[in-house]
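J.:
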Amino acid sequence: MSASFPAVMQQRITEKLNLALTPHHMDVMNESGQHNVPAGSETHFKVVVVSDIFDGMRLVGRHRHIYTLLADELSGGVHALALHTYTPDEWNRTQGSVEASPRCHGGGQ
Numbered sequence: 005m006s007a008s009f010p011a012v013m014q015q016r017i018t019e020k021l022n023l024a025l026t027p028h029h030m031d032v033m034n035e036s037g038q039h040n041v042p043a044g045s046e047t048h049f050k051v052v053v054v055s056d057i058f059d060g061m062r063l064v065g066r067h068r069h070i071y072t073l074l075a076d077e078l079s080g081g082v083h084a085l086a087l088h089t090y091t092p093d094e095w096n097r098t099q100g101s102v103e104a105s106p107r108c109h110g111g112g113q
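Residue numbering for the sequence shown follows the working numbering, beginning at 5 and increasing consecutively.
#1: Looking at C-alpha atoms only, which residue of Ser101, Ala24, Arg68, Val12 is the closest neighbour of Asp56?
#2: According to DSSP, simplified to helix, strand and coil, what is Ser79?
#3: Measuring CB to CB, does Met30 end up less than 9 Å from Glu77?
#4: Run the CB neighbour count on Thr89, radius 10 Å, all protein chains shown included, and call it buried at 16 or more, exposed below.
#5: Note down the Cα distance separating Val64 from Leu87, rounded to an integer number of angstroms.
#6: Our contact map puts Val54 next to Trp95 with C-beta atoms below 8 Å; I'd like the distance itself, whole angstroms only.
#7: Quick check on Val51: does DSSP put it in helix, strand or coil?
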């Protein structure tokens, strides 16, 4: 991706999640370049977030919580959001290892 494209959506997602989740660790990765979209697109993201707020929350509840937080982004340009949500204990057990995103099978790539 060219440096001439500002990461506006990525920054919005990062700021909203930081404010709402007070994460111990978070990565918001723009994976749009792995898909058949124009250069500089911000449509496909992978989010890895570790937060105490997830304690006692099932996986589907964690995802719903994030979908609610990012409702505007999801209705305004974000096409795909891969979520990897952990409590601090879960994150420690994974030793910080997260699965790679699958290769894109659509759009001619």
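Using N, Cα and C, we set each Cβ at its ideal position, and we do this for glycine too. As the structure is a prediction and not an experimental result, all values here were calculated from the model.
T.: Let me lay it out:
#1: Counted from its first residue, the sequence shown places residue 56 at position 52. Closest option to Asp56, Cα to Cα, is Ala24.
#2: On the sequence shown, residue 79 is found 75 positions in, with the first residue counted as 1. DSSP places Ser79 in helix when its eight states are reduced to three.
#3: Here the question's residue 30 lines up with position 26 in the sequence shown. Here the question's residue 77 lines up with position 73 in the sequence shown. No.
#4: Within the sequence shown, residue 89 is the residue found at index 85, counting from 1. Its Cβ being crowded by 16 or more others within 10 Å, Thr89 is buried.
#5: Taking the sequence shown and counting its residues from 1, the one referred to as residue 64 is at position 60. Taking the sequence shown and counting its residues from 1, the one referred to as residue 87 is at position 83. If you take the alpha carbons of Val64 and Leu87, they lie about 10 Å apart.
#6: Along the sequence shown, one-based indexing puts residue 54 at 50. Along the sequence shown, one-based indexing puts residue 95 at 91. With 8 Å as the limit, Val54 and Trp95 qualify as a contact, their Cβ atoms being about 4 Å apart.
#7: To locate residue 51, count along the sequence shown from 1; it is residue 47. It is a strand residue.
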